[in-house]
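Here's the structure, in structure tokens; my notes come after.
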Amino acid sequence: MVEETASNSNVLSQKSIMRKARLVTIIGLVINLILAAVKITISILNQSLSLLADGLDSALDIATTILGFVAIQIASKPADEEHHFGHTKTENLFSLGIAMLLVASSGIIGYQAVVKLIDAEQLSFSVANVVIASSSIVLKGFLVWIYNRIGKQINSPSLIANSKNFRTDILTSAVVLISVSIAHISIGSTTLYWVDPIIAIGISIVIIITAIGITKESAEILLDQSPDKETLDEIRTIAANQKGVIKVGNIRSRKIGSNILLVDLDIFLDPNLTIHQGHEIVCDVEDILKEKMPIEYIQIHMEPYHEHETEELNKDE
Numbered sequence: 000m001v002e003e004t005a006s007n008s009n010v011l012s013q014k015s016i017m018r019k020a021r022l023v024t025i026i027g028l029v030i031n032l033i034l035a036a037v038k039i040t041i042s043i044l045n046q047s048l049s050l051l052a053d054g055l056d057s058a059l060d061i062a063t064t065i066l067g068f069v070a071i072q073i074a075s076k077p078a079d080e081e082h083h084f085g086h087t088k089t090e091n092l093f094s095l096g097i098a099m100l101l102v103a104s105s106g107i108i109g110y111q112a113v114v115k116l117i118d119a120e121q122l123s124f125s126v127a128n129v130v131i132a133s134s135s136i137v138l139k140g141f142l143v144w145i146y147n148r149i150g151k152q153i154n155s156p157s158l159i160a161n162s163k164n165f166r167t168d169i170l171t172s173a174v175v176l177i178s179v180s181i182a183h184i185s186i187g188s189t190t191l192y193w194v195d196p197i198i199a200i201g202i203s204i205v206i207i208i209t210a211i212g213i214t215k216e217s218a219e220i221l222l223d224q225s226p227d228k229e230t231l232d233e234i235r236t237i238a239a240n241q242k243g244v245i246k247v248g249n250i251r252s253r254k255i256g257s258n259i260l261l262v263d264l265d266i267f268l269d270p271n272l273t274i275h276q277g278h279e280i281v282c283d284v285e286d287i288l289k290e291k292m293p294i295e296y297i298q299i300h301m302e303p304y305h306e307h308e309t310e311e312l313n314k315d316e
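The opening residue of the sequence shown carries number 0 in numbering that gives the first Met the number 0; numbering runs sequentially from there.
This is the structure:
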């Protein structure tokens with residue numbers, strides 16, 4: 000009966016995760032489709048490279064939004080015979096894909112900007128450019144808020160990665176707004192034509208920096224990086240404070256998600272305890288650790304406590 004209840008609760012949890020993920024995906028797709036179409040159309044008509052770069056970035060956001068949703072669907076699948084610890088790392092793998100798309104986009108934008116800078120193409124003022132750049136700042140700000148909020152709620156690396164991507168989009172749109180507002184201004188006999196391509200180059204650099212950050216975070220999890228020392232110390236303290244635990248030995252842990260841990264630890268118990276008594280203590284330690292820490296899987300090894308062996312252990316530590 001307990002197992003059935005837990006199973007139903009887990010199903011409901013997965014349904015809730017997918018419902019929220021689907022909601023933000025639809026919102027992200029609609030907003031980015033509108034922004035990409037309008038930005039690219041207006042930029043071509045008014046020959047604004049910085050606005051075109053911003054539009055291409057919004058078009059890329061459509062791809063990253065779809066990738067993120069697919070990643071969540073795969074990552075939310077339960078463990079099976081071929082994946083005993085689930086599929087949570089799928090999202091981090093997809094996040095690397097998002098980072099590579101960002102780098103490709105940055106390269107295209109940077110190349111076009113250099114060509115325009117060399118050709119010294121002039122840019123005329125357009126109210127439409129200003130309006131779309133301003134609107135983009137507001138809409139992208141909304142996407143940052145909702146993606147970050149839902150991403151943290153459902154512990155989704157891909158949604159959080161996309162929220163960081165959208166945050167750079169706000170900066171991008173802000174500098175584009177400056178560009179389309181002043182690039183037509185004349186100083187002496189020349190205009191500030193170079194502002195537009197220079198800002199486009201700046202946008203490409205910001206996109207690369209964002210991609211590097213996403214790559215670093217994803218690689219840490221894919222390479223089984225352990226959590227920070229504070230987290231390991233907290234695990235040790237919680238386990239050591241449980242009744243029956245004389246000492247906590249080695250702790251080995253790795254991330255299997257943005258905030259999900261797999262833990263393996265040794266605890267020292269009274270050697271005179273029965274196997275049943277020791278097992279009860281292990282279960283208590285496991286329950287309290289899962290309750291207080293973001294631990295998905297935990298393996299606890301019982302060790303008999305002998306003072307001379309523990310002294311050797313202290314020397315090793």
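Glycine is no exception: its CB is placed at the ideal position from the N, C-alpha and C atoms.
Span of the alpha helix (DSSP H) holding histidine 278?
274-291
How about leucine 288 and isoleucine 213: do their beta carbons lie closer than 8 Å?
no
Just to confirm my understanding: we take glutamine 298, look at its own chain, exclude 5 residues before and 5 after, and list those with CB closer than 8 Å. What are they?
Correct list, in chain order: Val262, Asp263, Leu264.
Buried or exposed for serine 217, please, with buried defined as at least 16 other CB atoms from any protein chain shown within 10 angstroms of its CB.
The C-beta of serine 217 has 16 or more other C-beta atoms within 10 Å across all chains shown, which makes the residue buried.
Are the beta-carbon atoms of isoleucine 333 and serine 172 separated by less than 8 Å?
The question about residue 333 has no answer, for the chain in this structure spans 0 to 316.
What residue does the alpha helix (DSSP H) around isoleucine 197 start on, and which one ends it?
194-221
Mark histidine 305 as exposed unless 16 or more other C-beta atoms lie within 10 angstroms of its C-beta, in which case mark it buried.
exposed
Ends of the beta strand (DSSP E) at glutamate 295?
Going by DSSP, glutamate 295 is part of the beta strand (DSSP E) stretching over 294-303.
Report the partner residues of phenylalanine 267 according to the DSSP bridge assignment.
Lys246, Glu302
Can you tell me whether asparagine 271 is buried or exposed, with buried defined as 16 or more other CB within 10 angstroms of its CB?
exposed
Taking the C-alpha atoms as reference points, what is the distance between proline 196 and alanine 52?
As the crow flies, the alpha-carbon of proline 196 is around 10 Å from that of alanine 52.
Would isoleucine 16 be called buried (16 or more neighbouring beta carbons within 10 Å of its own) or exposed?
buried
State buried or exposed for glycine 106, treating a residue as buried only when at least 16 other CB atoms are found within 10 Å of its CB.
exposed
Buried or exposed, going by whether 16 or more other CB atoms sit within 10 Å of the CB of tyrosine 110?
exposed
Bridge partners for serine 252 per DSSP, in chain order?
In DSSP, serine 252 forms a bridge with Val262.
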